[in-house]
Amino acid sequence: MIRCALPAAIAATLVCAGAVRAQERPIDAEKIILVGDSTTSVGSGWGGAFCGRHVLSSLACVNLGRQGRSTSTYRAEGSWDLALNEMATPGYGAVWVLIQFGHNDQPGKRSSTELATEFPANLRAYVDEARARGARPVLVTPLTRRSFSNGRLQDTLEPWAEAVRRVARETGAPLIDLHAASGDLVQSMGALEAARMAPGAPPPDFLSELQAGNSPAAPLAVATTAGPHDRHAEDFDYTHLGPEGAQVIAALVARDLIAAAPELAPRLAP
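Those letters in the sequence shown? Residues -22 to -1, 1 to 248, by mature numbering (1 follows the signal peptide of the UniProt record, and there is no 0).
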């Protein structure tokens, strides 16, 4: 058998490469899971932009936001079980869970919950169960709607935001007060500029009212092509987010998450 000796330079390179591999450290990876309604989910909320633009490669980002869900129906349909399974995946040094509900817990929604008791109890259960899985829950107050009257933002979600704040205080969970931050931002924009955050453009006959600081009633989606928990990607409304709105709100979430959980700062891009 003929043996060919490797040139000395190549042999030295292989030895060095092996030494480098021997010195490589295991990745120190963490995970963040987004739990919530359509204002969190991909295509209608801030979650897609957050995962796509604001996490570094050492932080896995899983968006489990679902359209049309409340604190009750998210659990009833099994989405919370999926989130719990994600929390239990081995290999991550820490798992964070951002939890944002409120829009579909309001009266008049088919998934509504009772504000004084059921809504906060559901949030506490999410916090307790996430911690039982070894995860770190972060509560998020609901994203503001963008409806104006005479130049003033009409705040219909403050009682639900306050309930989230109260549960955060009682449980010691970190809090992102997205309702306050987004409300301040939208008020500073005014009705016309804030309308650009929607998934679609406002109808032309809305423009004069928006310029005057008022928000005409948004047209309803065509029910024949949307499922019970779906919406049209290009519908104009005052709740959901298009690409521009998603980027703006995702930046707020990233900024305030760093303040609420400073240990995540090295893994986030503000």
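The beta carbon of each residue, even a glycine, is placed where N, CA and C say it ideally should be.
The structure presented is a predicted model; accordingly, all values stated were derived computationally and were not measured.
Secondary structure of residue i, DSSP reduced to three states
i, result
"residue 256", "It is not possible to answer for residue 256, since the shown part of the chain is limited to -22 through 248."
"residue 13", "strand"
"residue 115", "strand"
"residue 44", "coil"
"residue 3", "coil"
"residue 179", "coil"
"residue 173", "helix"
"residue 127", "strand"
"residue 38", "strand"
"residue 8", "strand"
"residue 121", "coil"
"residue 153", "strand"
"residue 219", "coil"
Exposed unless 16 or more other CB atoms sit within 10 angstroms - verdict on residue i
i, result
"residue 255", "With the chain running from -22 to 248 in the structure shown, residue 255 is simply not present."
"residue 83", "buried"
"residue 71", "exposed"
"residue 183", "exposed"
"residue 14", "buried"
"residue 45", "buried"
"residue 234", "buried"
"residue 61", "buried"
"residue 135", "buried"
Beta-carbon proximity list for residue i, same chain, < 6 Å, skipping 5 on both sides
i, result
"residue 129", "191"
"residue 113", "65, 73 and 75"
"residue 29", "39 and 41"
"residue 20", "26 and 41"
"residue 9", "38, 70 and 73"
Continuous beta strand (DSSP E) stretch holding residue i: start and end
i, result
"residue 78", "73 to 78"
The alpha helix (DSSP H) enclosing residue i, as first and last residue numbers
i, result
"residue 58", "57 to 65"
"residue 100", "96 to 110"
"residue 146", "136 to 149"
"residue 28", "25 to 31"
"residue 70", "Segment: none, residue 70 is in no alpha helix (DSSP H) and carries neither H nor E."
"residue 54", "51 to 54"
"residue 189", "185 to 189"
Close Cβ partners of residue i (< 7 Å) along its chain, the five nearest in sequence each way excluded
i, result
"residue 227", "24, 121, 160 and 219"
Presumed contact (8 Å Cβ cut-off) between residue i and residue j, rounded CB distance
i, j, result
"residue 78", "residue 131", "Actually they are not in contact, since the Cβ atoms of residue 78 and residue 131 sit about 19 Å apart, beyond 8 Å."
"residue 43", "residue 18", "3 Å"
Neighbourhood of residue i by C-beta distance below 8 Å, restricted to the same chain and skipping five residues each side
i, result
"residue 101", "49, 77, 79, 117, 141, 142 and 145"
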